[in-house]
Amino acid sequence: MQISILLAQQIAQLFLILIMGYAVVKAGLLKASDSKVLSVVMVYLVTPCVIINAFQINDTPEIRKGLLYSMAIAAAIHVVLLGISALLSRPLKLDAVEQVNVIYSNAAALVIPLVRALLGDEYVIYSCAFIIVQLILLWTHASSLLQGDRALDWKKVFSNINMIAIAAGALLYWFRVALPAPLQNTMSTMGDMIGPMGMLLAGMAIASSPLKKLVLYDIDPDRLELVDTLCGSLIAKLDPECVYFTTTDPEKAYTDIDFAFAQIRQGGMEMREKDEKISLEFGVVGQETCGPGGMAYGLRSIPGVFQVIDDVRKYAPEAWIINYSNPAAIVAEATRRKYNNYKILNICDMPVAIMLSFAKMLGLEKYNDVDPVYFGLNHFGWWTHLYDKSGVDRMPELKEKIMKFGLAASHDKHHSDPSWRHTWENFKEILTDFPEYLPNTYLQYYLYAKESAEDMDPNYTRANMVMDGREKDMIEQAKLIRESGGKKEANLNLFNAFGDFIVDVACSIAYNNADRYLVIVENKGCIPQMPYDAMVEVPCYLRKWGPEPVTIGNIPQFQLGMMMQQVSSEKLIVDAYFEHSYQKALEAFTMNKTVPSAKVARKILDKMIEANKGYWPELH
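Okay, so the sequence shown: first residue is 601 according to our numbering, each after it adds one.
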């Protein structure tokens, strides 16, 4: 009875600590990301201290026998769990993460404090015997399972701090080496933290998973059904407790939401194709966000984005709207004028795609493994520095590699198609001509407008490539899922691009992480030579109250001149929208660097007006 009471007390204490971890995150005293620091302390200090200290015990035949029994039982338990996982993985369609969760438990944080409280310190070594078996399997079997086809990195296995701790503890025990009392006492004190810290981390993890509802909204029911087919089963599997549904009703979509992720394409791919082909008809770059095509798209996008914002504000006045809709620079200027961008953040994933290529060439894993210094407008900017997490500027090294090998394509499948390969190849040419900074890839259309237009097929543009590539893949994936009765899962790697960036941005705002990202904000002196109200793309720390931009300072005349011309073109096209002004639209088209003359600008504009009837405001 006494043991039961003690056990209940210890379990209660641990779960109270879990609640504390949950509470400090929910109260805003700590951020969810702060748990990373505690995790490092747990893995690299606390657990090794527990393991090594557990071996600081007098060697007796009973202990040796108990250790062997404990390890044998631990091995047997894991063999059984491995068998259960193997049996269940196929019928239940368990992925690698789920299989690992079936097999491996949080034995250390929960069990060791209970053993210590109920049985005493001398019994901790038997718990450690279980943990040792588990750690060996975690860093071999579990690691291999999670990495898929990738070969196991044995160097990482044997250099892992806890594996080293196991080896050190065993050697000390085998040779009967007793650590000095001060050191042993210190390690014992650190080891005492394993239970409280483990449960604190668990509480923080629970608090950092607040996704309660996910709604997919579209005005097109057929497209909505397509996306639902791809995403529905995946969401149910990843988070079965999350409320998930699709709707064409904005009230149902936006009521009681915290974030709205907006990505629209007014006129669909059909109008994109017209934008590109009309421009090319007159020898001008045919591209969806640059040149006349970008301005045509912008005039279509503005009313659609406004409608989204108005609907969100009607049903969720304080929700953050994270806008992915192109052309982001023009849309951002329009939302600034109408809404002062209150809880509206315009972002673009192209810098992420490029930084992923940078990271790849530098031997880094993720785009945010580099901390960029960048200035410009959307699809129109330059990197001046690229710092890694140790604070080293990797720009010189990267420049050297690009000049030698060219820019590597990112991981996305469709960024390896011929059009994108050409873009990556052009990066080296831009850097050769203008070596001071690393350019955004879209600068190719402005710096080499004539050559870019000549390289494009006026009968088969990027819109056609997307329809025959990413869009076709999506439709085929959905068809396969429907034909399999939902048994086949979507291969999102075929068309995921860099959608995770929008989630990273939202998390930084939601949790007040103050993570640093490239986003589009009002200048307000970030670049002193640029207009105060220009929408620039610069590094920002994203807080709960919004972006805090980094001051860039004065920029060189060449980049300044190009940016002033481009921002003038963008502001004029937004003027044209609000004023219904043909003259302002003509000035915008003429001002754009991709257009060779006012006569060409007028011809393109007149044809765009005809093609965009029903989408554009009437210009007069």
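Here a beta-carbon is modelled for each residue, glycine too, at the ideal position from N, C-alpha and C.
Who are Trp920's beta bridge partners in DSSP?
-> As a working note, residue 920 is residue 320 in the sequence shown. Phe859.
Spatial neighbours of Met642 in its chain, beta-carbon cut-off 6 Å, leaving aside the 5 residues before and after | Translated into the one-based positions of the sequence shown, residue 642 becomes position 42. By the criterion of a C-beta distance shorter than 6 Å, Met642 is surrounded in its chain by Met797, once the five residues flanking it on both sides are discounted.
What's the C-alpha gap between Gly1006 and Val1138?
-> Locating residue 1006 in the sequence shown gives position 406, where the first residue counts as 1. Locating residue 1138 in the sequence shown gives position 538, where the first residue counts as 1. When rounded, the separation of the alpha-carbon atoms in Gly1006 and Val1138 is 25 Å.
State yes or no: is the C-beta of Lys1193 within less than 9 Å of the C-beta of Tyr1042?
-> Locating residue 1193 in the sequence shown gives position 593, counting from the first residue. Locating residue 1042 in the sequence shown gives position 442, counting from the first residue. No, they are not a contact pair.
Is it buried or exposed for Glu1237, if we count other Cβ within 10 angstroms and need 16 for buried?
-> This structure cannot settle anything about residue 1237, because the visible part of the chain is limited to 601 through 1220.
DSSP beta-bridge partners of Trp774 = Position 174 of the sequence shown, counted from the first residue, corresponds to residue 774. Answer is none; Trp774 lacks a bridge partner.
Using the rule of at least 16 other Cβ atoms within 10 Å of the residue's Cβ for burial, across every protein chain shown, is Asp749 buried or exposed?
-> What you label residue 749 is simply residue 149 of the sequence shown in a count that begins at 1. Since pLDDT at Asp749 reaches only 46, below the 50 mark, its modelled position is unreliable, and the value read off the structure follows with that caveat. Counting Cβ neighbours within 10 Å, Asp749 comes out exposed, since fewer than 16 surround it.
Segment limits, alpha helix (DSSP H) that includes His678 = Here residue 678 refers to the residue found at position 78 of the sequence shown. That run of the alpha helix (DSSP H) goes Pro661 to Ser689.
Any beta strand (DSSP E) of 3 or more consecutive residues that is wholly inside the stretch 944-969 = Fully enclosed beta strand (DSSP E) runs of 3 or longer: 944-946.
Cβ-heavy atom distance, Ala1114 to the ligand MN, below 8 Å = Among the ligands in the structure shown, none appear at all, so the ligand MN cannot be discussed.
Under 9 Å between C-beta atoms of Ser597 and Val702 = An answer regarding residue 597 cannot be provided, because it is not within the stretch 601 to 1220 covered by the chain.
Measuring CB to CB, does Glu1170 end up less than 9 Å from Met1135?
-> Locating residue 1170 in the sequence shown gives position 570, counting from the first residue. Locating residue 1135 in the sequence shown gives position 535, counting from the first residue. Contact flag set, yes.
Coil, strand or helix - Met790 by DSSP = Within the sequence shown, numbered from 1, the residue matching residue 790 stands at position 190. In the structure shown, Met790 sits in a helix (DSSP, three-state: H, G or I).
Nearest to Tyr1117 by CA position, among Lys1124, Gly1125, Ser1108 and Asn1123, is which residue?
-> To locate residue 1117, count along the sequence shown from 1; it is residue 517. Minimum Cα distance to Tyr1117 is reached at Ser1108.
Since Cys649 contacts Gly795 with CB under 8 Å, what's their CB separation in whole angstroms?
-> Counted from its first residue, the sequence shown places residue 649 at position 49. Counted from its first residue, the sequence shown places residue 795 at position 195. For Cys649 against Gly795, the beta-carbon gap comes to about 13 Å, at or over 8 Å, which does not count as contact.
With which residues is Tyr1118 paired in a DSSP beta bridge?
-> One-based indexing of the sequence shown puts residue 1118 at position 518. The sequence shown places Leu at residue 1118, not Tyr. The partner list for Leu1118 (beta bridge, DSSP) reads Pro1139.
From Phe882 to Ile1204, what does the alpha carbon distance come to, in whole angstroms?
-> In the sequence shown, counting from the first residue as 1, residue 882 sits at position 282. In the sequence shown, counting from the first residue as 1, residue 1204 sits at position 604. Taking the straight line joining both Cα atoms gives about 7 Å.
For Asp971, which three-state DSSP category applies?
-> For this step, residue 971 is matched to residue 371 along the sequence shown. Secondary structure at Asp971: strand, using DSSP grouped into helix, strand and coil.
Going by other Cβ atoms of all chains shown within 10 Å of its Cβ, with 16 needed for buried, is Met1074 buried or exposed?
-> The residue you call residue 1074 lines up with position 474 of the sequence shown. By the neighbour-count rule (16 or more Cβ atoms within 10 Å), Met1074 is buried.
Under the three-state DSSP convention, the category His985 falls into | Here residue 985 refers to the residue found at position 385 when the sequence shown is read from its first residue. DSSP places His985 in strand when its eight states are reduced to three.
Going by the beta-carbon positions, is the gap between Asp858 and Ala919 smaller than 9 Å?
-> On the sequence shown, position 258 is the one that residue 858 refers to. On the sequence shown, position 319 is the one that residue 919 refers to. The Cβ atoms of Asp858 and Ala919 lie closer than 9 Å to each other.
Give me the Cβ distance between Asp911 and Tyr854, rounded to the nearest whole Å; I'm assuming they're in contact under 8 Å.
-> As a position in the sequence shown, residue 911 is number 311, starting the count at 1. As a position in the sequence shown, residue 854 is number 254, starting the count at 1. The C-beta separation of Asp911 from Tyr854 comes to about 6 Å, placing the pair in contact by the 8 Å criterion.
Opening and closing residue of the alpha helix (DSSP H) in which Val641 lies | Within the sequence shown, numbered from 1, the residue matching residue 641 stands at position 41. From DSSP, the alpha helix (DSSP H) with Val641 extends over Ser635 to Val641.
Glu1051 versus Leu880 - alpha carbon distance | Taking the first residue of the sequence shown as position 1, residue 1051 is located at position 451. Taking the first residue of the sequence shown as position 1, residue 880 is located at position 280. Their Cα atoms are separated by approximately 12 Å.
Environment of Arg664 [buried if 16+ CB atoms lie within 10 Å] | Indexing the sequence shown from 1 puts residue 664 at position 64. Arg664 comes out exposed.
Integer-rounded CB distance, given that Met1056 should sit under 8 Å from Gly886 | For the purposes of this step, residue 886 is taken as the residue at position 286 of the sequence shown. For the purposes of this step, residue 1056 is taken as the residue at position 456 of the sequence shown. Right, their Cβ atoms sit about 6 Å apart.
Cβ distance (whole Å) where Ile930 is taken to contact Ile1173 below 8 Å = Position 330 of the sequence shown holds residue 930. Position 573 of the sequence shown holds residue 1173. Correct: roughly 6 Å between the Cβ atoms.
Pick from Ser744, Gly976, Pro691 and Asp818 that is closest to Ile1120, judged by C-alpha positions | Stepping through the sequence shown from its first residue, residue 1120 is reached at position 520. Ranking Ser744, Gly976, Pro691 and Asp818 by Cα distance to Ile1120 puts Gly976 first.
Own chain, CB closer than 6 Å to Ile1209, minus 5 neighbours either side, in chain order | Locating residue 1209 in the sequence shown gives position 609, counting from the first residue. Cβ neighbours of Ile1209 beyond the five flanking positions: none.
State the DSSP-derived secondary structure class of Leu737, mapped to helix, strand or coil.
-> Sequence index remark: in the sequence shown, residue 737 carries index 137 (1-based). Here Leu737 sits in helix by DSSP.
What are the start and end residues of the alpha helix (DSSP H) that includes Pro1149?
-> Position 549 of the sequence shown, counting from 1, holds the residue named residue 1149. No alpha helix (DSSP H) holds Pro1149; the beta strand (DSSP E) holding it covers Gly1146 to Pro1149.
Rounded C-alpha distance that separates Ala654 from Ala1106 = Within the sequence shown, the letter at position 54 stands for residue 654. Within the sequence shown, the letter at position 506 stands for residue 1106. Going by the C-alpha atoms only, they are around 44 Å apart.
Report the three-state DSSP secondary structure of Asp993 (helix, strand or coil).
-> Position 393 of the sequence shown, counted from the start, is the residue given in the question as residue 993. Three-state result, Asp993: strand.
Residues that Tyr844 bridges to, as DSSP identifies them | Counted from its first residue, the sequence shown places residue 844 at position 244. In the DSSP output, where bridge partners are listed per residue, Tyr844 has Leu814.
CA-to-CA distance, Gly1214 to Phe1178, given in whole angstroms | Your numbering for residue 1178 matches position 578 in the sequence shown. Your numbering for residue 1214 matches position 614 in the sequence shown. Rounded to the nearest angstrom, the two C-alpha atoms are 16 Å apart.
CB-CB under 8 Å to Leu826, same chain, minus the five flanking residues each way: which ones, in chain order?
-> Along the sequence shown, one-based indexing puts residue 826 at 226. Excluding residues within five positions, the ones whose Cβ falls inside 8 Å are Met1074, Ile1075 and Ala1078.
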